[in-house]
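Working notes for the structure below.
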Amino acid sequence: MKEKKIILLLFSVVLLLSTGVMAEGWRSRVWPATPKFIPPLSGWIITIDPGHGGTDSGAYNATLDLREKDINLQIGLKLRTSLIKLGAQVEMTRETDVSMDIPDRRTFSNNKGAHRLVSLHVNAASSTAAEGIETWVDTDSDNVWKAYASSLHNNAVAAAQSYDATIKDRGVKYSGSTPPWGDGRKIGVIRYDLLSHPAALLELNFISNDREATRLVRNDYQLALAQGIAQGFKEHARVYRKEDGLRR
Ligand SMILES: [Zn+2]
């Protein structure tokens, strides 16, 4: 009887030890102590500025009853999702249909300590044939600003053209030098002297062109544009640190 008790006790000890060792082995195999993956935009604070809003509709297509402010916001919200997936902290100047003036948009972004700002717009022209995508950057800005604008532009255009190969690339343009923004006139929301971080403004196709406007309201096209712009951020962050181009 005494022997049986001792054998039972020894057996219990061995069982306890072996399950402990197995559990340890299991833990070390399945859950590594230090995860190595760091998202490409980790630590980046990015301001998304959907242009216009509230009482300011922006450009208007009367034939299709489409307002620029709505399209800007729809694309902006999709871009937010894409940038958060890449690890960024996103600040929206507006996330609903509200008015906000240009100086307040700049102040908002500066106060958030943003590393970059992207302003989203769609274009309009008196000629209904005008089409394509263009991107604006302050002509007096530095090389980081210009590289940033190019990266967003090239990737937005690439994504748009893989959706529809006929979409026109209108290039990067310089606010303060390229007409109609010349002779000292500049786009307020991307002013080099009034922002503490690089900024670019995208004009994503023409709402005044019925063919482009019809495409612009499509959910899948908006997603393609948002993913293209996000890819532009990813590419920019491969070459530049978030601190590059800051003036504060
Ligand atoms: Zn606009």
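Everything in the sequence shown is counted per our numbering, starting at 1098 for the first residue and increasing by one.
Idealized CB from N, CA, C, for every residue including glycine.
Source: prediction; values computed, not measured.
According to the DSSP assignment, L1180 belongs to the alpha helix (DSSP H) that extends over 1165–1182.
Annotation: the stretch 1218–1290 contains the following complete segments of the beta strand (DSSP E) (minimum length 3 residues), in chain order: 1230–1235, 1266–1272.
By the Cβ-count criterion, D1146 is buried, with 16 or more other Cβ atoms from all chains shown falling within 10 Å of its own Cβ. Per DSSP, the unbroken alpha helix (DSSP H) holding V1336 starts and ends at 1316–1336.
Judged by their CB atoms, V1254 and G1173 are not nearer to each other than the 9 Å cut-off. Here DSSP, grouped into helix, strand and coil, assigns R1213 to strand. The three-state reading of DSSP puts A1310 in helix, counting H, G and I together.
With contacts defined by Cβ atoms closer than 9 Å, E1300 and I1199 do not form a contacting pair. The beta-carbon distance between N1207 and S1154, rounded to whole angstroms, is 27 Å. This is too long to meet the 8 Å contact definition.
Spatial neighbours of V1234 in its own chain (CB-CB distance under 6 Å, excluding positions within 5 residues in sequence) are listed in chain order as W1242, K1243, A1246, A1297. Around the C-beta of A1327, 16 or more other C-beta atoms lie within 10 Å, and the residue is accordingly described as buried. Between the alpha carbons of L1163 and S1305 lies a gap of roughly 9 Å.
Around the Cβ of G1150, a 10 Å sphere holds 16 or more other Cβ atoms; the residue is buried.
Going down the chain, each residue whose beta-carbon is closer than 5 Å to a heavy atom of ligand 1 shows up: G1148, G1155, H1218. Per DSSP, the unbroken alpha helix (DSSP H) holding F1205 starts and ends at 1199–1208. Per DSSP, the unbroken beta strand (DSSP E) holding L1301 starts and ends at 1296–1303.
The Cβ atoms of A1221 and L1322 do not sit closer than 9 Å to each other. Excluding residues up to 5 positions away in sequence, D1235, S1272, G1273 lie with their Cβ nearer than 7 Å to the Cβ of K1283 in the same chain. Annotation for L1313: L1163, I1168, V1219, L1301, N1302, I1304, Q1319 place their beta carbon closer than 8 Å to its own, counting only its chain and skipping 5 residues before and after. As computed with DSSP, G1150 is found in a beta bridge with D1153.
The Cβ-Cβ distance between L1183 and P1136 falls below 9 Å. Shown here for S1248: same chain residues with a beta carbon closer than 6 Å to its own, the five before and five after excluded, namely G1329, E1332, H1333 in chain order. In the DSSP annotation of this structure, the continuous segment of the beta strand (DSSP E) that includes V1187 starts and ends at 1186–1189. Around the beta carbon of S1223, fewer than 16 other beta carbons sit within 10 angstroms, so the residue counts as exposed. Per DSSP, reduced to three states, the secondary structure at I1142 is strand.
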